[in-house]
Amino acid sequence: MSPKPIRKAVFPVAGLGTRFLPATKVVPKELLPIVDRPLIQYAVDEAREAGIDQFIFITGRGKTGIVENFDIAFELEQTMSERGKDLSVLEPTRATPGNVIAVRQQVPLGLGHAIWCARAIVGDEPFAIFLPDELMVAKEGGTGCMKQMVEAYENVGGNLISVLEVPKEQVSSYGVIDPGTSYGALTEVRGLVEKPPVAEAPSNKIVSGRYILQPEVMRVLEAQEKGAGGEIQLTDAMAKMIGTQPFHAVTFDGHRYDCGSKVGFVEATLAIALSRPDMGAEVRAIAEKLLK
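Dropping the structure here:
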């Protein structure tokens with residue numbers, strides 16, 4: 010029996026973005042541009058490529074601009090039309106009416122709590138989770154991270170997480186999997202550990218901001234006690250599901266940029282700019298000039 014299709018995606022975007030102040034005092038971090046597209050747009054486009062068409066944003070006060078980004082800006086479009094401007098550049102920002110839903114996370118209790126806030130909308134369907142800070146870019150000619158995960162899900166069902174291999178000395182900054190048998194890019198998950206000491210890490214495969222989870226995780230989160238940092242940790246809830254449902258990791262064949270840090274944000278901007286045919290050569294020339 011084929012697993013239920015993945016139609017819904019949850020985007021936890023309620024954070025304050027304090028590492029990017031003062032830029033994020035008024036503008037949500039998720040709307041800061043990587044070249045000329047907001048960070049959140051990359052995640053939504055990745056979801057669409059994977060066949061997902063319902064987008065659930067877990068927001069907070071002052072974050073309404075994220076939802077407005079996917080609305081129709083009537084005055085802007087009318088003005089552009091009157092001036093003969095091409096409107097196709099706005100096409101990715103349009104959503105089907107009813108397919109964008111915003112839910113307030115009224116208290117900052119962590120990622121697990123943010124996901125739990127979407128329980129009524131998720132219902133009894135499996136769903137995807139995107140952490141927009143993690144910008145996942147496909148290799149040239151390849152497919153995006155979530156599409157790779159959906160293809161794996163169609164074969165094995167259950168729960169999946171995206172992982173990347175990092176140098177062992179870096180594992181204490183991430184969630185890490187305890188791996189079982191591997192089948193190419195697919196690895197069985199026997200356990201999950203949040204930010205382990207390097208000497209105690211079960212592997213160097215870190216969880217990288219993309220998930221496909223079964224709806225039962227909501228019931229686990231319902232009773233979840235606070236974990237690391239005094240927050241309700243999604244990793245703890247997922248760990249409890251291992252052994253009761255299939256659980257696999259997909260090693261992403263592509264590039265990952267940590268846009269939650271300023272250095273990672275600059276790295277992503279440079280990488281995307283250099284890869285674009287309309288500006289890559291000029292940006293490379295500028296970088297070479299600055300590095301002299």
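In this note's numbering, the protein residues as written are 10 to 301.
We treat Cβ as the ideally placed atom computed from N, Cα and C, and that holds for glycine.
Small disclaimer: the values here were computed from a predicted structure and weren't measured.
Item to check | Cβ-Cβ separation, residue 22 to residue 141 (assumed contact under 8 angstroms), whole Å | outcome: Yes, residue 141 and residue 22 are in contact; Cβ-Cβ is about 6 angstroms, under 8 angstroms.
Checklist entry - What are the boundary residues of the alpha helix (DSSP H) that residue 271 is part of? => result Taken as a continuous stretch (DSSP letters only), the alpha helix (DSSP H) holding residue 271 covers 271-284.
Next on the checklist: Once the 5 residues before and after residue 215 are set aside, which same chain residues still bring their CB inside 7 angstroms of it?
Outcome noted: Closer than 7 angstroms at Cβ, skipping near neighbours: 172, 173, 175, 180, 183, 184, 185.
Checklist entry - Of all the options 212, 196, 193, 194, which has the alpha carbon lying nearest to the alpha carbon of residue 202? => result It is 212.
Checklist entry - Considering only residues of the same chain and omitting the five flanking positions on each side of residue 206, which have a CB-CB separation below 7 angstroms? => result Counting only residues of its own chain and dropping the five nearest sequence neighbours on each side, residue 206 has a CB closer than 7 angstroms to the CB of 181.
Checklist entry - Taking the alpha carbon of residue 102 as the point to measure from, which residue in 264, 16, 254, 48 has its own alpha carbon closest? => result The candidate whose alpha carbon is nearest that of residue 102 is 48.
Next on the checklist: Using only the alpha-carbon positions, how far apart do residue 302 and residue 26 sit?
Outcome noted: Only positions 10 to 301 of the chain appear in the structure, and residue 302 is not among them; the question remains open.
Next on the checklist: Closest to residue 59 by C-alpha separation, out of 91, 46, 151, 78, would be which residue?
Outcome noted: Nearest C-alpha to residue 59: 151.
Checklist entry - Quick one: what's got a C-beta closer than 6 angstroms to residue 220's C-beta in the same chain, skipping five residues either side? => result Non-local C-beta neighbours of residue 220 in its own chain, meaning closer than 6 angstroms and more than five positions away in sequence, comprise 138, 170, ordered along the chain.
Item to check | Same chain only: Cβ atoms within 6 angstroms of residue 74, ignoring 5 sequence neighbours per side | outcome: Correct list, in chain order: 37, 40.
Checklist entry - Going by C-alpha distance, which of 45, 210, 293 is nearest residue 188? => result That would be 210, whose Cα lies nearest to the Cα of residue 188.
Item to check | Boundaries of the beta strand (DSSP E) in which residue 267 is found, first to last residue | outcome: For residue 267, the enclosing beta strand (DSSP E) stretches over residues 263-267.
Next on the checklist: According to DSSP, simplified to helix, strand and coil, what is residue 305?
Outcome noted: The question about residue 305 has no answer, for the chain in this structure spans 10 to 301.
Checklist entry - Counting along the chain, where does the alpha helix (DSSP H) carrying residue 90 start and finish? => result Residue 90: member of the alpha helix (DSSP H) spanning 83-91, first to last residue.
Item to check | Segments assigned beta strand (DSSP E), at least 3 residues, entirely inside the region 60-146 | outcome: Within the region 60-146, the runs of beta strand (DSSP E) at least 3 residues long that lie entirely inside it are, in chain order, 63-68, 109-113, 136-139.
Checklist entry - Within 10 angstroms of its Cβ, does residue 256 collect 16 or more other Cβ (buried), or is it exposed? => result Under this definition residue 256 is a buried residue.
Checklist entry - Who are residue 42's beta bridge partners in DSSP? => result In DSSP, residue 42 forms a bridge with 47.
Checklist entry - For residue 254, does the three-state DSSP call read helix, strand or coil? => result Strand at residue 254.
Item to check | Residue(s) in a DSSP beta bridge with residue 18 | outcome: DSSP lists 64, 137 as partners of residue 18.
Checklist entry - Out of curiosity, what's the CA-to-CA distance linking residue 80 and residue 104? => result Whole-angstrom Cα-Cα distance: 7 angstroms.
Item to check | Local conformation of residue 186 per DSSP, three classes | outcome: Strand at residue 186.
Item to check | Three-way DSSP call (helix, strand, coil) for residue 11 in this model | outcome: Residue state for residue 11 is assigned as coil, using DSSP reduced to three classes.
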